[in-house]
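Worksheet: the structure to be examined is printed underneath.
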Amino acid sequence: MPIDLTEHRENTSHLASGDLPDKFQSIFEPWGDYVFASVMILIGFASLLGNGLAVHVFRRKGADINVPEVLLLNIAVVDLFLGIASYPATIVAAFSHRWLFGQTGCTLYAFTCYFLGLATILSLTALALFRFVKTCFPQRAQWITVPRTRLVIFLIYVYSMGWAMMPFFGFGGYDVEPFGISCTLAWTHTDQNDKNYILAASIFCVFLPSAVIIVSHLAILFKIRQASQMFSSKSAGKQSSKAEIQFIRVSFGVCFGFLIAWLPYACISLWSAYGDVSSIPLWMTPIPVLLAKSSIAYNPVIYVLLTRRYRVDFAKALRELLHFSLNKENRNMINTGPSDQLEMGTLANGDINPRDESTVTAGEILVGAENSIERNSMEEVVRV
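Count the sequence shown with this note's numbering and you get residues 1308 to 1691, in order.
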């Protein structure tokens, strides 16, 4: 029998933290929770691998890192921490068919996810805005430097922390999700104060950044089209336009991938706060949560699929990881195995290293060539 969201909320809103069996009990059958947990495990593994490689790839650039990559590095770090902080608790709760960490744990969990989620969407907003300024107002592009980008990232954290701290001072609140195994903003509470907070957070933390991202990318696309038309008869112009469009694809993919994950959640929140909450089927409430939580696995995939330069960097990092594992296994064989294992280990090392070095060298040449193309691309667009 379907569970009505209004009835479920009314039956649980009065409960204190000591009344955990009702308030924090999952409303789904065990198999539903197991499916939820399994999906979370897959997304979590992809997020840890992808964001871990992204952090490694961008950090190794050192002083050569550029402004967009500083923001992408920040996003990867935030997503990595978000996965570590949020996924284990939800997975354990799903397998246990209830939230296990009480009201205090629920509040801390919701605060952490909210704070880091805001930091991610605002970093994506800054990425889109910086690309807009550098492409459409090149005379002001010199203002956008790596040190100033780091200052912007600091301000992003301050802004995100301010919004995440408001529920602790009576404006809004944190509570368990209606389906019982995760926690978030109290978007199903009937208190007018909570409703006002949901509205304000939706506007200033989701819809307004979304508008900035969309308008910025539309303006960039228009500028790129103008540049392509002006250089249509020149091979250098065609190459410049192609390289620039390739980079813009990454920004589009990252930004819109995140918006697809978070806009449904914001809409459901507003619907629950101001609309007819009973019209929302309770089985539907985990879907926006899964979309939002899966967003942390989108970005590394987009880097790999849409940009050859990042594909080379990611492949190189993955090769190094596998090479390290193979060398470790070979060392174990040498230290513990007989003479024939020693010979096999030596041959393995001799066979792997030359191929790896030649592949890395070719990759570095390709990266250098594409970096040159990207620099030429920016110069051509700036002249426009």
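Heads up, the beta-carbon is just placed ideally off N, CA and C, and yes, glycines get one too.
Residue state for T1491 is assigned as strand, using DSSP reduced to three classes. Assigned with DSSP and collapsed to three states, R1366 falls in helix. As the crow flies, the alpha-carbon of F1365 is around 8 Å from that of V1377. Straight-line measurement puts the Cα of K1441 at about 42 Å from the Cα of F1343. Using a 10 angstroms sphere on the CB of W1450, the tally of other CB atoms stays under 16, which defines it as exposed. DSSP, read as helix, strand or coil, puts D1340 in helix. When DSSP reads this structure, Q1332 sits in a beta bridge with R1405.
Taking a cut-off of 8 Å for Cβ pairs, the stretch 1395-1408 and the stretch 1461-1468 do not touch, as fewer than three such pairs fall below it.
DSSP places D1501 inside the alpha helix (DSSP H), whose first and last residues are Q1499 to S1509. Its Cα nearest to that of D1498, the residue F1478 stands out among L1515, F1478, F1514 and T1491.
The continuous stretches of alpha helix (DSSP H) do not include V1513, and DSSP gives it neither H nor E. Taking all protein chains in view, the Cβ of M1347 is crowded by 16 or more other Cβ atoms within 10 Å, so the residue is classified as buried. By the C-beta criterion, the stretch 1422-1433 is judged to be in contact with the stretch 1506-1518, since at least 3 inter-stretch pairs fall below 8 Å. DSSP, reduced to helix, strand and coil, places D1482 within a strand of the structure shown. Ranked by Cα distance from L1349, the options I1603, H1630 and R1367 are led by I1603. Taking 7 Å as the cut-off, the Cβ atoms of A1622 and L1360 do not count as close. The beta carbons of V1561 and L1431 sit about 6 Å from each other, so the pair counts as a contact at 8 Å.
Using a C-beta cut-off of 8 Å, the stretch 1413-1420 makes contact with the stretch 1482-1492, since at least three inter-stretch Cβ pairs fall below that distance. Short of 6 Å from the beta carbon of G1351, and not among the five residues preceding or following it, lie these beta carbons of its own chain, in chain order: G1390 and Y1394. The beta-carbon distance between V1362 and L1380, rounded to whole angstroms, is 7 Å. This is short enough to meet the 8 Å contact definition.
Taking the CA atoms as reference points, S1467 sits about 24 Å from I1594. Look at P1588 here: in three-state DSSP terms it is coil, with no helix or strand label.
Taking C-beta atoms as the reference points, S1523 and A1435 count as a pair closer than 7 Å. Non-local C-beta neighbours of L1355 in its own chain, meaning closer than 8 Å and more than five positions away in sequence, comprise L1387, G1390 and I1391, ordered along the chain.
Following the DSSP letters along the chain, one finds S1467 inside the alpha helix (DSSP H) bounded by residues V1453 to M1472.
Here DSSP, grouped into helix, strand and coil, assigns G1477 to coil. Relative to the Cα of P1445, the nearest Cα in the group E1484, I1527, T1614 and R1615 belongs to I1527.
N1358 and R1367 have their C-alpha atoms spaced approximately 14 Å apart. Of the candidates Y1605, Y1572, L1577 and F1563, F1563 places its Cα closest to the Cα of V1519.
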